[in-house]
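Engineer:
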Amino acid sequence: MKKYAVSRTRFTITCLKTYASQIAAGDCRDGVLFYSYHENLRKLELVYADPAQRLVGDVVLLDCETAVVSDRRGSISVLSCPGLEVSESPEKNLAVQCSFFMGEIAMSIQKAAFKYRLPIGDETDPVLESAYNCVVASTLLGSVFVMIPLTSEEHQLLQDVQERLSLHPLTAPILGNDHAEFRRRGIPSGVPSILDGDMLVQFLELTSEQQQTVLDDGSSVKAPHRSISVFQVMRMLERVHYALN
């Protein structure tokens with residue numbers, strides 16, 4: 001073994017992940033630090049840093065500028081660089097793209113892909129829909145979380161459905177808790193929340209009449225009420241449900 005480069009952090013490092021020449025280090029206070037290794041100079045350069053203090057459980061790099069990180073408070077977040085000038089300081093220059101409060105501590109995060117074949121008769125492009133690049137996280141309590149990417153249109157549609165489900169008597173939390181408040185616990189204002197699959201999958205378990213009732217009830221939705229088709233929601237949820245099962 002030969003030492004090529006050294007860089008010191010202020011606090012104890014809890015995890016390390018790499019992607020090409022990029023290194024992500026998670027520590028017990030400063031959160032995630034991105035280092036770039038310059039082979040010709042044998043030098044480690046700090047390029048990006050976490051905007052918040054967090055005790056990191058694990059981190060995974062999706063690409064050279066994007067990471068998924070979990071903390072010991074039970075949250076998981078996606079961080080990325082918003083495109084800064086080269087001269088800008090790396091201190092706290094990562095942006096939180098979205099977050100989710102799991103209520104469990106994820107100690108292992110892996111980048112993965114689910115490949116599958118759509119059922120006969122599905123009219124979607126088989127090339128575009130044949131795989132999901134995703135993130136898999138396992139927790140101290142033995143749970144496994146799978147997170148898949150969505151387009152902004154899909155996210156907006158399912159977010160509206162999720163809000164309706166979280167407040168409808170048939171699908172709301174059984175103890176009457178505020179679902180949105182719980183899943184956004186500790187998340188800064190203005191940061192989008194990752195959708196809750198456990199809440200959304202309840203839509204598939206309802207009868208056709210109940211599904212229509214949930215979608216027609218826009219009285220509890222904060223955003224302007226818009227018409228949502230049962231077929232549209234079912235098609236999207238079944239595609240994801242089919243891929244993961």
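As numbered in the UniProt record's numbering, the sequence shown has no gaps in its residue numbers, which increase by one up to the final residue, 245. Each residue gets a CB set at the ideal place from its N, CA and C atoms; glycine is no exception.
Can you pull the DSSP bridge partners for His-38?
Structural biologist: According to DSSP, His-38 bridges with Lys-43.
Engineer: Would you kindly work out how many angstroms separate the C-alpha atoms of Leu-55 and Arg-73, rounded to a whole number?
Structural biologist: So the alpha carbons of these two residues sit roughly 8 Å apart.
Engineer: Return the Cβ separation of Val-240 and Ile-148 in integer angstroms, given the expectation that the two are a contact with Cβ distance under 8 Å.
Structural biologist: The Cβ separation is near 7 Å, so the contact holds.
Engineer: Report the partner residues of Asp-30 according to the DSSP bridge assignment.
Structural biologist: The partner list for Asp-30 (beta bridge, DSSP) reads Arg-54.
Engineer: Would you kindly check if the distance between the Cβ of Lys-111 and the Cβ of Val-135 is under 8 Å?
Structural biologist: Taking 8 Å as the Cβ cut-off, Val-135 and Lys-111 qualify as a contacting pair.
Engineer: Spatial neighbours of Gln-202 within its chain, please: CB distance less than 7 Å, with the 5 preceding and 5 following residues excluded, ordered by chain position.
Structural biologist: Cβ within range, chain order: Leu-165, Thr-171.
Engineer: Going by DSSP in three states, Leu-94 sits in which element: helix, strand or coil?
Structural biologist: DSSP places Leu-94 in coil when its eight states are reduced to three.
Engineer: Over the uninterrupted alpha helix (DSSP H) stretch that includes Val-214, give me the two end residues.
Structural biologist: Element bounds for Val-214: 208-216.
Engineer: Quick check on Asp-71: buried or exposed, where buried means 16 or more other Cβ atoms within 10 Å of its Cβ?
Structural biologist: Counting Cβ neighbours within 10 Å, Asp-71 comes out buried, since at least 16 surround it.
Engineer: Determine whether the beta carbon atoms of Met-236 and Glu-153 lie at a separation below 8 Å.
Structural biologist: Taking 8 Å as the Cβ cut-off, Met-236 and Glu-153 do not qualify as a contacting pair.
Engineer: Would the beta-carbon of Ser-99 fall within 8 Å of that of Ser-229?
Structural biologist: Taking 8 Å as the Cβ cut-off, Ser-99 and Ser-229 do not qualify as a contacting pair.
Engineer: Looking at the structure shown, is Ser-99 part of a helix, part of a strand, or coil, going by DSSP?
Structural biologist: Of the three classes helix, strand and coil, the one that applies to Ser-99 here is strand, per DSSP.
Engineer: In chain order, what residues of the same chain have a beta carbon less than 8 Å from the beta carbon of Thr-18, not counting five sequence neighbours either side?
Structural biologist: The answer, listed in chain order, is Ala-24, Leu-61.
Engineer: Does DSSP put Phe-114 in a helix, a strand or coil?
Structural biologist: Reduced to three states, the DSSP call for Phe-114 is strand.
Engineer: Helix or strand or just coil, what does DSSP make of Met-234?
Structural biologist: Correct three-state label for Met-234: helix.
Engineer: Closer than 6 Å by C-beta to Thr-66: which residues in its own chain qualify, once you throw out the five before and the five after it? Chain order, please.
Structural biologist: Once the five neighbours on either side are set aside, the close Cβ partners of Thr-66 are Ser-80.
Engineer: Please name the residue in Gln-53, Tyr-4, Asp-198 whose C-alpha comes closest to that of Leu-41.
Structural biologist: When each option's Cα is compared against that of Leu-41, the closest is Tyr-4.
Engineer: Under the three-state reduction of DSSP, which class applies to Val-136: helix, strand or coil?
Structural biologist: Note: Val-136 maps to strand in three-state DSSP.
Engineer: Do you know offhand how far Arg-10's Cα is from Val-233's?
Structural biologist: When rounded, the distance between both Cα atoms is 48 Å.
Engineer: What are the residues that DSSP puts in a beta bridge with Gln-22?
Structural biologist: Answer is Tyr-19, Ser-36.
Engineer: Identify the residues that DSSP records as bridge partners of Ile-76: which are they?
Structural biologist: DSSP lists Ser-70, Phe-100 as partners of Ile-76.
Engineer: Using only the alpha-carbon positions, how far apart do Asp-63 and Glu-209 sit?
Structural biologist: Each residue's Cα considered, the two are about 44 Å apart.
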